[in-house]
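Colleague:
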Ligand SMILES: Nc1ncnc2c1ncn2[C@@H]1O[C@H](COP(=O)(O)OP(=O)(O)O)[C@@H](O)[C@H]1O
Ligand SMILES: [Mg+2]
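In my numbering, the protein residues as written are 1 to 140.
1. In this structure, does DSSP put residue 56 in helix, strand or coil?
2. Secondary structure at residue 15, three-state DSSP: helix, strand or coil?
3. Please confirm whether any heavy atom of ligand 2 lies closer than 7 Å to the CB of residue 112.
4. Taking DSSP's pairing of strands, which residues face residue 79 in a bridge?
5. Give me the Cα-Cα distance between residue 86 and residue 92, rounded to the nearest whole angstrom.
6. Nearest-angstrom Cα distance between residue 44 and residue 83?
7. When every heavy atom of ligand 1 is checked, does at least one fall within less than 7 Å of the C-beta of residue 11?
8. Roughly how many angstroms lie between the CA atoms of residue 98 and residue 132, to the nearest whole one?
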């Protein structure tokens, strides 16, 4: 799919969110500024989360409670861009959180260590590509 604006990226995210279910682990792959966090903002809006959604670039992990959804109780938004040591990831306790199938994980920069340091298995990958004219290609 092609997105020509932040709003179009959110629309694509709304559509994606309708197929999301508890236990999903989503990897978001693509360069800085390509729209990964914007996509997560769209997913959260679609799930009824009304507060601001900020990038977890510095916090590494942000948790969002979801009300009134059949299978999802919480969205866990992670960004490993600034990840430095395996201990940082272990201290988050992701493997325990994965046992709860009402959690959904949305993970930016998973390739920065996560795949090596955790047994975390993903079941969905979304690829974001910047096109020369400023648009984005989003492959779901
Ligand atoms: N088609 C588009 N989709 C998403 N963001 C876009 C698009 N075109 C321009 N932008 C801008 O690009 C930036 C994307 O930022 P962000 O979602 O934080 O990226 P990432 O998390 O991939 O680093 C925003 O400032 C947004 O306004
Ligand atoms: Mg981001």
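Heads up, the beta-carbon is just placed ideally off N, CA and C, and yes, glycines get one too.
Modeller: So, from the listed chains and residues:
1. Assignment of residue 56 by DSSP, reduced to helix, strand and coil, places it in the coil class.
2. In this structure, residue 15 counts as helix in the three-state DSSP scheme.
3. No, the Cβ of residue 112 stays beyond 7 Å of every heavy atom of ligand 2.
4. According to DSSP, residue 79 bridges with 108.
5. Rounded to the nearest whole angstrom, the C-alpha separation of residue 86 and residue 92 is 10 Å.
6. Approximately 24 Å, taken between the alpha carbons.
7. No.
8. One C-alpha to the other measures close to 38 Å.
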